[in-house]
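Colleague: Protein chains in written order, with the numbering used here: chain A, 7 to 114; chain B, 7 to 114; chain C, 7 to 114; chain D, 7 to 114.
(1) So the candidates are D/60, D/94, D/65, D/106; which of them puts its Cα closest to the Cα of residue 68 of chain C?
(2) Rounded to the nearest angstrom, how far is the Cβ of residue 82 of chain B from that of residue 62 of chain A, given a contact under 8 Å?
(3) Check whether the Cβ atoms of residue 24 of chain C and residue 41 of chain D lie closer than 9 Å to each other.
(4) For residue 112 of chain D, which residues from the same chain have a beta carbon less than 6 Å from its beta carbon, with the 5 sequence-adjacent residues on both sides left out?
(5) Between residue 97 of chain C and chain D, is any beta-carbon pair separated by less than 9 Å?
(6) Expressed to the nearest angstrom, what Euclidean distance is found between the alpha-carbon atoms of residue 114 of chain C and residue 20 of chain A?
(7) Shortest alpha-carbon distance to residue 101 of chain C belongs to which of D/8, D/7, D/12?
(8) Just curious, the alpha helix (DSSP H) that residue 98 of chain A is in, first and last residue?
(9) Counting only Cβ pairs nearer than 7 Å, list the residues of chain B close to residue 31 of chain C.
(10) What residues of chain B sit near residue 17 of chain D, judged by a beta carbon separation below 8 Å?
(11) Consult DSSP for residue 81 of chain B and reduce its assignment to one of helix, strand or coil.
(12) Any beta carbon of chain C sitting closer than 9 Å to that of residue 91 of chain A?
(13) Compare the C-beta of residue 24 of chain A against all C-beta atoms of chain C and say whether one is closer than 9 Å.
(14) So, with DSSP's three-state summary, where would you put residue 38 of chain D?
(15) Between residue 14 of chain B and residue 105 of chain A, what straight-line distance do the alpha-carbon atoms span, to the nearest angstrom?
(16) Assuming residue 1 of chain D contacts residue 35 of chain A under a Cβ cut-off of 8 Å, what Cβ separation, rounded to an integer in Å, is found between them?
(17) Closer than 6 Å by C-beta to residue 59 of chain D: which residues in its own chain qualify, once you throw out the five before and the five after it? Chain order, please.
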């Protein structure tokens, strides 16, 4: 559906991997934006407000849509990549070593 | 699968919406990283190198995995959000007005 | 000093505004990276560790160095831009309306 | 000046290192935003438009202002950090090895 959306608008010409990766980064920052000055507790509470929840859902969708477009442009099978990375993470962060540690990704 | 991965490691305690959104941003930047100094042409060529292609696929997967985790934490239905946003974008960027324009998202 | 560093390596050819802006974004994410899974309190404590403090200082420096390079490439006077924006922010966020509000930038 | 601006508004209570780093990331993405769909040539041309140039200058200033705030919050001497990192980069990327190479940071 995303590929068709892009094709109908002839936007593929702008969608080289560099530009689409940059667009993923821009959308990810828009997802961060409403949370940056909030405490942990406030960041959960924000999602109870219907209008704000809807805005956050749109930003999340934008990140995913651009990831799907990156997948189309790069011909990387996104479902396969996700499955493979999760398997890799299971090995990289064994339960017995990483249980309950916030240092996880950076420290192990 | 991602939720189970997180639960087994008891990482949910660190996964408030603010932190997960921040992690999406960090992973998005890792997807951008190999492309930043490349020309449009070089950014496409990089993906022909098997080792680099595989590294880029891992970064793309990381963004999606964190988006899935954000979905789980926020209880936002990610598939529904993506479908709804694409429908919205179709209205916001009608084919006749946005065809072939790189100014698209910012200018219309 | 940054301009000389770039010129000596003939890196100016890669430093169009788009690429340098992207590099600022990559470095900003590296500044975020050590904090993403930490609580507010832990994020302050991390800076008491000498090795980690030094790593964070390097990431902060990278963001600033790329901002200086963006300034050189775009011929935007960075000191003037900073002064002007701070004046604008003073008007945009008057003390009486914005005192003690975390909603500041997004809500006013 | 930035510290005074923050103190007058009693915003220091929201400015833990994690949140300020996140805000640097958000502002860096706003600097990227106007360039993401442009070619290298267009990204330089955009800066010739007075209104857009002024908007870009504001985003650049925002990144620097938040870096200054991060420096204040973390008590990292930003000028010293920048000087030290540039010296480190000179050693890390010797002219004879890095001259004219776009692979620079990632590959050496």
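A virtual CB, placed ideally from N, CA and C, is assigned to each residue, including glycine.
Modeller: So, from the listed chains and residues:
(1) Ranking D/60, D/94, D/65, D/106 by Cα distance to residue 68 of chain C puts D/94 first.
(2) At roughly 7 Å, the Cβ-Cβ gap stays under 8 Å, so residue 82 of chain B and residue 62 of chain A are in contact.
(3) Cβ atoms of residue 24 of chain C and residue 41 of chain D: closer than 9 Å.
(4) Its pLDDT being 48, under 50, residue 112 of chain D is placed unreliably by the model, and nothing is read from it.
(5) So no, residue 97 of chain C is outside the interface.
(6) Because residue 114 of chain C sits at a pLDDT of 35, beneath the cut-off of 50, its placement in the model cannot be relied upon, and the following sentence gives the value as read from the coordinates. So the two alpha carbons sit approximately 35 Å from each other.
(7) In terms of CA proximity to residue 101 of chain C, D/12 leads the group D/8, D/7, D/12.
(8) Note, residue 98 of chain A: alpha helix (DSSP H), 84-98.
(9) Those are 35, 38, listed as they occur along chain B.
(10) Within chain B, no residue comes near residue 17 of chain D; the closest Cβ sits about 17 Å away, beyond 8 Å.
(11) In the displayed model, residue 81 of chain B falls within coil according to three-state DSSP, outside both helix and strand.
(12) Answer no: the Cβ-Cβ gap between residue 91 of chain A and chain C never drops below 9 Å.
(13) Interface with chain C (9 Å Cβ-Cβ cutoff): residue 24 of chain A is included.
(14) Three-state DSSP puts residue 38 of chain D in a helix.
(15) If I take the Cα positions, the gap works out to 7 Å.
(16) Nothing can be reported for residue 1 of chain D: it is not among the residues displayed for chain D, which extend from 7 to 114.
(17) Spatial neighbours of residue 59 of chain D in its own chain (CB-CB distance under 6 Å, excluding positions within 5 residues in sequence) are listed in chain order as 53.
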